[in-house]
Every structure is written in structure tokens, then in C-alpha cells.
Amino acid sequence: MLDILNALYQSNYLQEKIFPIFWARGESVVMNMAGASGNSVEDKGAYLQLALVQEVTDWFILLMFWVVFFTATAYGTLQAKKDVMQFNYISMFVWIGVANIVGFFAFILWAKIASLAMFIPNGEDLLIKLWEAYQNLLKG
Numbered sequence: 004m005l006d007i008l009n010a011l012y013q014s015n016y017l018q019e020k021i022f023p024i025f026w027a028r029g030e031s032v033v034m035n036m037a038g039a040s041g042n043s044v045e046d047k048g049a050y051l052q053l054a055l056v057q058e059v060t061d062w063f064i065l066l067m068f069w070v071v072f073f074t075a076t077a078y079g080t081l082q083a084k085k086d087v088m089q090f091n092y093i094s095m096f097v098w099i100g101v102a103n104i105v106g107f108f109a110f111i112l113w114a115k116i117a118s119l120a121m122f123i124p125n126g127e128d129l130l131i132k133l134w135e136a137y138q139n140l141l142k143g
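Given below as C-alpha cells:
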């Protein structure tokens with residue numbers, strides 16, 4: 004589907020050719036970017052594999068927000084119950100709130116750094132992809 008020999012003669016081949024294809028959505032867009040006709044079985048099979056990997060990536064992006072939330076909530080709950088004689092709900096909610104704020108700050112920082120390693124095209128980052136994934140999920 005791709006001209007593999009171009010990788011030998013072009014600089015930044017992966018950043019300019021492969022990664023934009025990975026982040027593109029829609030069969031016609033992917034086939035156009037890859038320079039494929041889209042009529043052969045090999046083209047359809049390659050697109051099916053790409054679509055499967057994109058779907059798994061989208062679900063991973065959707066779920067990592069909730070993993071951070073539940074991990075921070077569990078940490079806050081454990082810290083609120085640790086080494087106290089009396090339990091009160093206010094201190095528990097304060098611990099949960101602080102843990103979630105710190106957790107999401109770390110998540111945003113990680114997402115900005117990870118976006119550079121993921122070669123997301125058009126200046127987008129992982130947080131924009133997270134927002135797009137939730138919008139697509141809500142659309143149906």
C-alpha cells in the first residue's frame with residue numbers, strides 16, 4: 004500500500020507519511036493519503052487492520068480519563084481512612100478532591116508530553132483527541 008522504498012530516500016518519512024495515515028479517519032481519506040486505489044483485497048485488508056488499531060486506540064484514549072479518576076478517588080479514600088481515630092466525610096471528600104486535582108494535573112502534563120511522542124498531525128494533542136473521541140461517542 005505504501006511505497007516502502009521512499010523510506011530510504013526521504014527524511015522524516017514516518018512523521019510525514021505514516022503517522023498522518025494512522026490518525027486519519029475514514030476509508031477514502033486513508034486510501035487517498037496512502038496513494039492506494041482501495042479496490043483490491045490487500046487495500047481493504049490493510050484498511051481493516053488500521054481501523055481495528057484505531058478503534059482500540061480510541062477506546063484506550065476514552066478509558067484513560069476514567070482510570071485516572073478512579074485511581075485518584077481510591078487513593079483519596081485510602082488516605083482519608085489512614086491513621087485516624089474518627090472518620091468524617093468532610094476529610095474524605097477533601098482527600099478525594101485533592102487527589103483528583105493532583106491526578107488530573109499529572110494526567111494533563113503526561114498527555115502534553117505523550118502527544119509529542121505520538122506524532123499527532125496538525126498541531127493537535129492527546130487532550131484534543133480525547134475531546135473528539137467523546138464527541139464521536141455521544142454522536143452515536
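All the letters of the sequence shown, read from the start, carry residue numbers 4 to 143 under the numbering used here. Even glycine gets a Cβ: it sits at the ideal position worked out from N, Cα and C.
Item: Between A114 and L140, which are expected to be in contact by the criterion C-beta below 8 Å, what is the C-beta distance as a whole number of angstroms?; Value: With 8 Å as the limit, A114 and L140 do not qualify as a contact, their Cβ atoms being about 18 Å apart.
Item: Looking at the unbroken alpha helix (DSSP H) that takes in V100, where does it start and where does it end?; Value: Strictly speaking, residue 100 in this sequence is Gly, with Val absent from that position. Its alpha helix (DSSP H) spans residues Y92 to A120.
Item: Look at the alpha carbon of N15 and the alpha carbon of V56, and state the distance between them as a whole number of angstroms.; Value: 23 Å
Item: Let me know the alpha helix (DSSP H) ranges lying completely inside the segment 22 to 74, each 4 residues or longer, listed in chain order.; Value: 22 to 26 and 30 to 37
Item: If V101 sits next to G79, beta carbons under 8 Å apart, how far is it from one beta carbon to the other, in whole angstroms?; Value: 7 Å
Item: Classify F110 as buried or exposed, calling it buried when 16 or more other Cβ atoms lie within 10 Å of its own Cβ.; Value: buried
Item: Assign V33 to buried or exposed, taking buried as 16 or more other Cβ atoms, counted over all protein chains shown, within 10 Å of its Cβ.; Value: buried
Item: Exposed or buried, W98, counting other C-beta atoms within 10 Å across all chains shown (16 or more means buried)?; Value: buried
Item: By DSSP, does G79 sit in helix, in strand, or in coil?; Value: helix
Item: Return the Cβ separation of E58 and G41 in integer angstroms, given the expectation that the two are a contact with Cβ distance under 8 Å.; Value: That belief does not hold up - the Cβ atoms of E58 and G41 are roughly 19 Å apart, past 8 Å.
Item: What are the boundary residues of the alpha helix (DSSP H) that Q18 is part of?; Value: Premise fails: Q18 is in no alpha helix (DSSP H) and is neither H nor E.
Item: Rounded to whole angstroms, what is the Cα-Cα separation between F96 and V71?; Value: 17 Å
Item: Does DSSP classify N125 as helix, strand or coil?; Value: coil
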